[in-house]
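Numbering (my numbering), first residue to last: 29 to 144.
Glycine included, each C-beta is placed from N, C-alpha and C at the ideal position.
Just so you know, these numbers come straight off a predicted model, no measurement behind them.
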């Protein structure tokens, strides 16, 4: 009787572990927002990384999966002067990381968020 119970427990545990392995990773939406004048912006995840020049306000969204890191970097372009920059990373509409700082020449600011 003990052998049957032990064997049944092992089989049950084996099925539950297989079920967990076959589950799809949870998909979320990451949104990057930047406010500033003539900023070079780099975002990831996206291969290759996505670069753009922001002239006032900019927003970009992409799907992101568990275990992926969202990355946002802002840097002054050659066309702009020192300024206060606002930038954020949001996951499903909730801000998880943000920048609200003054940036000088040859300076960049970056933020990251790793999805659990």
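Going by other Cβ atoms of all chains shown within 10 Å of its Cβ, with 16 needed for buried, is residue i buried or exposed?
| i | result |
| --- | --- |
| residue 69 | buried |
| residue 79 | exposed |
| residue 34 | Legend: pLDDT at residue 34 = 49, less than 50; position of this residue unreliable, value from coordinates given subsequently. Its Cβ having fewer than 16 others within 10 Å, residue 34 is exposed. |
| residue 89 | exposed |
| residue 135 | exposed |
| residue 138 | exposed |
| residue 81 | exposed |
| residue 109 | exposed |
| residue 67 | buried |
Check the C-beta distance from residue i over to residue j and give it rounded, since I have them as a contact under 8 Å.
| i | j | result |
| --- | --- | --- |
| residue 93 | residue 53 | 4 Å |
| residue 140 | residue 96 | So it is not a contact: roughly 11 Å between Cβ atoms. |
Go to residue i, then tell me how far its beta strand (DSSP E) extends in each direction, as first and last residue.
| i | result |
| --- | --- |
| residue 65 | Segment: none, residue 65 is in no beta strand (DSSP E) and carries neither H nor E. |
| residue 101 | 97-104 |
| residue 136 | 136-142 |
| residue 89 | 85-93 |
Tell me whether residue i sits in a helix, a strand or coil according to DSSP, three-state version.
| i | result |
| --- | --- |
| residue 126 | strand |
| residue 111 | strand |
| residue 56 | strand |
Practice item. Please determine if the stretch 118-126 and the stretch 101-109 are in contact, where contact requires at least 3 C-beta pairs separated by less than 8 Å. Key: Inter-segment contact for the stretch 118-126 and the stretch 101-109 is absent: fewer than three beta-carbon pairs are separated by less than 8 Å.
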